[in-house]
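Below you'll find the structure, written out as structure tokens, and then a few comments.
Residue numbers (the working numbering): 2 to 71.
Structural data, given as structure tokens:
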């Protein structure tokens, strides 16, 4: 009978462990600062010009070496 108690209690032990760690994180660990201190604001990266895509041959064009090189 005691053999059945251990496997049945494993989910509850894991749940209690996760809840205990969550409580410990909220109450014991120091809180992170709301805003970063002494970090300069960075401008978002904007490319100088959008990249041009190669022009694809039309579907009804016969495939020649000139078109295949493009």
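Quick reminder that beta carbons are idealized off the backbone N, C-alpha and C, glycines included.
What separation, rounded to the nearest whole angstrom, lies between the Cα atoms of residue i and residue j?
| i | j | result |
| --- | --- | --- |
| residue 6 | residue 15 | 15 Å |
| residue 18 | residue 26 | 12 Å |
| residue 54 | residue 47 | 18 Å |
| residue 12 | residue 33 | 31 Å |
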